[in-house]
Amino acid sequence: MSNPDRDGGIEMSIGLGVFLIAVGLILSFGVRDRLTDFDLSAIGWILTGVGALAIILSMIVASMRGRRTREIIDRPDDIDRP
272 MSNPDRDGGI EMSIGLGVFL IAVGLILSFG VRDRLTDFDL SAIGWILTGV
322 GALAIILSMI VASMRGRRTR EIIDRPDDID RP
């Protein structure tokens, strides 16, 4: 069973990546306005790249976290016996 405290960060970063990609693509393709100092299309492509990077990094962290294994060694407790 997965631990919600540990897996919540991975799901949130994937969700953040998807959100950034969506906003970036909307700014890149859907908005045809230019501000005096900012190119919204360039900002959109930057947000799309950052969102893709967030998804890739969260998947790498999730795969690294899933590779950990724990070894439990059960030893008899002979301390109380003479």
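Just so we're aligned, residue 272 is where the sequence shown starts under our numbering, counting upward by one.
Backbone N, C-alpha and C define an ideal beta-carbon position, used for all residues, glycine too.
- Counting C-beta atoms within 10 angstroms of its own C-beta, LEU306 has fewer than 16 neighbours from the protein chains shown and is therefore classed as exposed.
- In this structure, THR319 sits near LEU296, with a CB-CB distance shorter than 8 Å.
- Residue environment analysis places LEU298 among the buried positions, since at least 16 neighbouring C-beta atoms fall within 10 angstroms of its C-beta.
- Positions of the alpha helix (DSSP H) runs, each at least 4 residues long and wholly inside the region 283-341, are given as 311-337 in order along the chain.
- In the structure shown, the three-state DSSP call for ILE281 is helix.
- No Cβ-Cβ contact shorter than 8 Å links SER284 with ALA323.
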